[in-house]
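Those sequence lines, one after another, are chains A and B.
Note that our numbering gives residue 356 to position 353 of the first sequence, counting from 1, and the numbers run on in steps of one.
Note that our numbering gives residue 256 to position 253 of the second sequence, counting from 1, and the numbers run on in steps of one.
Beta carbons: idealized from backbone N, C-alpha and C, even for Gly.
Please read all numbers here as calculations on a predicted model, not as lab measurements.
Everything on this sheet refers to the single structure shown next.
There are 2 protein chains.
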Amino acid sequence: MPVFLETSAATFESDFTDLLNAKREDSPDVDAVVAGIIADVRSRGDAAVIELTSKFDKLDLTPETLAFTSAEIDAACEAVPVAERDALELAAARIRAYHERQVPQDQSWTDAAGATLGWRWGPVSAAGLYVPGGLASYPSSVLMNAIPAAVAGVERLVITAPTPGGVSNPLVLLAARLSGVDTVYRIGGAQAIAALAYGTQAVAPVDKITGPGNAFVAAAKRRVFGKVGIDMIAGPSEILVIGDGSVDPDWVAIDLLSQAEHDESAQSILITTDAAYGRAVAEAVEARLQVLERRAIAQASWRDFGAVIVVDDLEQAAALSDRIAPEHLELCVEEADALAGRIKHAGAIFIGAWTPEAIGDYVGGPNHVLPTARSARFSSGLSVMDFVKRTTLARMTPEALKAIGPAAEVLAKSESLEAHGLSVRARLDRLNEE
Amino acid sequence: MPVFLETSAATFESDFTDLLNAKREDSPDVDAVVAGIIADVRSRGDAAVIELTSKFDKLDLTPETLAFTSAEIDAACEAVPVAERDALELAAARIRAYHERQVPQDQSWTDAAGATLGWRWGPVSAAGLYVPGGLASYPSSVLMNAIPAAVAGVERLVITAPTPGGVSNPLVLLAARLSGVDTVYRIGGAQAIAALAYGTQAVAPVDKITGPGNAFVAAAKRRVFGKVGIDMIAGPSEILVIGDGSVDPDWVAIDLLSQAEHDESAQSILITTDAAYGRAVAEAVEARLQVLERRAIAQASWRDFGAVIVVDDLEQAAALSDRIAPEHLELCVEEADALAGRIKHAGAIFIGAWTPEAIGDYVGGPNHVLPTARSARFSSGLSVMDFVKRTTLARMTPEALKAIGPAAEVLAKSESLEAHGLSVRARLDRLNEE
C-alpha cells in the first residue's frame, strides 16, 4: 500500500519531507566506466564503437552497417500496420503544429542613444537524438525529440538507437522518417553518446544531444556537456493528480497507474480534499492492478512510491504541488482552469476530467519530455528552444558612442581593464578631433 | 608572435584545425576534491562552509557573519565615487531595458479538434549568483547576472562572493543593490556552490545557480546540475574581429587586446581580406603592448593563442567564423550589417567600426555572459530565459477526446503501455454510453 498522509496530522511535515526526499533511483556509479568508454571512442573511433556494441548489445557491426540503409528503413516502414501508421501521423501532425508556435522571434530596435540593439535566433546545425532500445524503445519519444529539432530548422538530424541482438522496432524507424531524421545508427550506451559528441570515421559529430537513456547514457551526457549541448538528465516518470472528488475514482486510478506502469521507480501521487475519495481511488487502483498487463511493475511503483495526501482545500493542494514540482500534473477538479492558474511549478498540466495524462504522451501536441525529480522548479520540457540559440546584436553610431562610451570607460578603469577603456577612448578621441 | 595563416596556403586546413583544437585551459582535475567538499557541506552545513572559508580564503566567519549586513552594504555603497556610481546606474538601466524585451509570452489557443493548448512561463523562485573574488571580481558581471533574474521576476536573489582576507569590492556591493539582490554571502569556491544547491542552516537553497568561477566552482556546478539548474561552464574569453581594412588598425589592435588582457588563456583572432592590413594590426598590437598596464597577461595570450588569418573574401571569413563560433564577433568592415546577416554561430556580434566589444561588456545592453569555447554552436548568452521555465497546458473536451483519443490508444498499445490506453478508453466508453 502507498503512504496515506493527512495535512492535519502532527507528523505531516516530516512525512511529506520524507516523501519529497525519497531516493527513487538507484543510480549505480558508472562514471569511471563511462569515462573509459568515451576516451576509447575518442581515440579509436569506429573500431571502439563496434567492439563495445558487440560486447554490450551482442551485435556485430561494420563501419558500413552502423547505420540503417534507406532500403532497410523503407522495409520497416512498410511493415507497420495502417492503424499504427495513421496514429503516428496524427501524432506527428499535432506535435508539429504545437511546436511551430514555439519558434522564437528576432528583435531589432534603435534606442534613444542611437544604439541599434537586438538579437537573432538560429538553429543548431546538427542534433543527435538518443532512443533507448529494448522495453523503453518508444516511437512517441522519437516524434517528441525529432519534431522540435526539425521545426527549429536543424540541418542534420540523426538518431542512435541500440538494437540488442539486431532487433529493431519498425515503429521507431517510421517515426524517424515522419520526423525528418536523416540517419539512424544501430548503436547505444555511452559509446553512442561519445560518437555523437566527438565523431568517429562513420559518425559525424553533432552540436546537441537529447533523449533519455540508462545510467551509462546519463553519465556520458553529463561528461560531454560543454563539448556539445544536452537537454537534461531525466529521472523516472511522475504524476500528481489533484482531485476534489468530482471525477470517477476509477479514471484517476488508471491515470495514476499510467505512470506506475512505466517503471518500478515511477511515482504516482493523489492529493485530494476528500479522504473518502482518496480511499476510493486507492481501492480502484488495487482492483485495476489485479488485471493490468504490467502489474508487477505498476504494483512495485505504487507500493514503494505511491501516495495519497488529504488536504483541507485546493489552496493547500496547490502549495504542496509546487513543493513537489511534478513532471505531470492532472487537475481532476471542477474548477480546473482556476486551479491551473494557481500552480507555479509543474512540467505539464492536464486540465479537467477529460484530459488524461496519456493524451499528452502521444497526441495532445505539447512535448512529453518533461522535467522530473522536482526540476520543474528551474527547467522546462523539451521544445524548439532546445534546438536554437541566440546571437545578440549591437551597433553603435558615433553619437551613441559619445552618449554611453564614457560610462564604459569609467567601469573598465574600475575593473582595471585598461584596454577595454582604451578601445572606447581611441574612438571618442577621433570624434573630438573632428 | 601569434600565428599568421593564409587560406591560400597548402597547410591551411590542418593549421586552422590545430587552432580550433588548441587546448587553452589547463583545467586541473579537481573533481574528487570538489565531491568531498560538497559531501562535507551537505552533512555539516554551516560548520563545513566556515571551516573551508577559513582554510581557502583566510577569513574567519560565524553563521551570523556569513552574509553582509544591510548596514555594511550601505557603507560600501556610500564609499563608491559618484562617477562610478553614475556609470553603474547607466549600465544597469540599459541592461534592464534590453532584458525586459526578452520576457517570453504565454500562449493559449483552441484547435480544430476542440483541444485547448498552450503554455505559461514563470520565474524560478530563487537564484544564486556566483561572483568570483580577487582579480576577476567584476561589478559589471553582477549586473549581467542579477538584472535578467530580477527582470524574470525571481523572488529571492542571492550572491556568493568570496572575500579573501575579508577584502570586498564596494562596487560589487553597489551593483548588487542596484540589481535587486537580497543577500550577499562572503563565501566562494565549491563550498559556496554546495551551500546554494543544498542549503545550510544559514543559507537557504536556491533553484538556479549562475555566474563564472574557477576550476573548483566549475566542477561543483557540473556536479550539482540536475539538483539545481546552472547556466553554463564558462571558459576563457575570446574575440574574433573580421576586418576589410577600412577601420584604423590601432582600433582593432586595442579591441584584440581588450580580450587578451583578461586572461593568459584568452584568445584574440583577426580574420582579414588584406594581408598588409593584418600585418599593420599586428604591429599596432605590439606597439600598444609596450605600454599596456596588463601587458604581461595580454602578451602571453596574444603570443600563445592570438592569430591573424588572411582570407580571399568576406564569404570565406564568415565561413571560418562559423567554424570558430566565437564568443564575441566584431565586424570592422564597411558592409557590416550585410556581413552580420551571413553569420550563423556567434555569442554576440558587434557591428561596425563604432562598436568596440567593450561597449557590450558594460553599457550596450545585451548580456556579456556569453558562450565560449565554440559553444555558440548550441548555446546562448545569459538572458531572462535562464531564470524562467515553461509549463505546458492541455485541456480536452469530450469531443476533442473522441477525435484524438483513439490514436493515443493505438500508440499506447503499440508501446505495450496498457494503462495509458485504458485511461483514454475508460473516458471514451463513458461517452459511448451516453
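By how many angstroms is the C-alpha of residue j removed from the C-alpha of residue i?
i: residue 352/B; j: residue 342/B; result: 10 Å
i: residue 113/B; j: residue 368/A; result: 12 Å
i: residue 132/A; j: residue 365/A; result: 18 Å
i: residue 165/A; j: residue 98/A; result: 25 Å
i: residue 324/A; j: residue 17/A; result: 16 Å
i: residue 58/B; j: residue 167/B; result: 10 Å
i: residue 4/A; j: residue 309/A; result: 8 Å
i: residue 125/B; j: residue 210/B; result: 13 Å
i: residue 6/A; j: residue 271/A; result: 11 Å
i: residue 33/A; j: residue 267/B; result: 36 Å
i: residue 269/A; j: residue 283/A; result: 21 Å
i: residue 188/A; j: residue 232/A; result: 20 Å
i: residue 104/A; j: residue 95/A; result: 15 Å
i: residue 208/B; j: residue 45/B; result: 11 Å
i: residue 143/A; j: residue 290/A; result: 29 Å
i: residue 71/A; j: residue 81/A; result: 15 Å
i: residue 171/A; j: residue 225/A; result: 27 Å
i: residue 292/A; j: residue 390/A; result: 40 Å
Got a sec: is the Cβ-Cβ distance from residue i to anything in chain A below 8 Å?
i: residue 4/B; result: no
i: residue 277/B; result: no
i: residue 125/B; result: yes
i: residue 118/B; result: yes
i: residue 24/B; result: no
i: residue 76/B; result: no
i: residue 147/B; result: no
i: residue 400/B; result: yes
i: residue 353/B; result: yes
i: residue 423/B; result: yes
i: residue 180/B; result: no
i: residue 241/B; result: no
Rounded to whole angstroms, how far is the Cβ of residue i from the Cβ of residue j, which I believe are closer than 8 Å?
i: residue 37/B; j: residue 223/B; result: 5 Å
i: residue 212/A; j: residue 331/A; result: Not confirmed; about 24 Å, so no contact.
i: residue 379/B; j: residue 322/B; result: No, residue 379/B and residue 322/B are not in contact; Cβ-Cβ is about 15 Å, not under 8 Å.
i: residue 281/B; j: residue 311/B; result: 4 Å
i: residue 10/B; j: residue 314/B; result: 5 Å
i: residue 264/B; j: residue 306/B; result: Actually they are not in contact, since the Cβ atoms of residue 264/B and residue 306/B sit about 13 Å apart, beyond 8 Å.
Tell me, which residues are paired with residue i by DSSP?
i: residue 111/B; result: 121/B
i: residue 211/A; result: 130/A, 232/A
i: residue 393/B; result: 124/B
i: residue 187/B; result: 162/B
i: residue 353/A; result: 333/A, 397/B
i: residue 98/B; result: Paired residues: none, contrary to the question.
i: residue 310/B; result: 6/B, 272/B
With the cut-off set at 8 Å, would you say residue i and residue j are in Cβ contact?
i: residue 429/B; j: residue 63/A; result: no
i: residue 357/A; j: residue 401/B; result: yes
i: residue 385/A; j: residue 148/A; result: yes
i: residue 396/A; j: residue 120/A; result: yes
i: residue 227/A; j: residue 190/A; result: no
i: residue 192/B; j: residue 69/B; result: no
i: residue 43/A; j: residue 51/A; result: yes
i: residue 382/B; j: residue 230/A; result: no
i: residue 161/A; j: residue 134/A; result: no
i: residue 408/B; j: residue 362/A; result: yes
i: residue 398/B; j: residue 257/A; result: no
i: residue 79/A; j: residue 176/A; result: yes
i: residue 102/A; j: residue 154/A; result: yes
i: residue 336/A; j: residue 277/A; result: no
Using a Cβ-Cβ distance under 8 Å, would residue i count as near chain B?
i: residue 196/A; result: no
i: residue 308/A; result: no
i: residue 273/A; result: no
i: residue 408/A; result: yes
i: residue 370/A; result: yes
i: residue 211/A; result: yes
i: residue 151/A; result: no
i: residue 305/A; result: no
i: residue 135/A; result: no
i: residue 317/A; result: no
i: residue 379/A; result: yes
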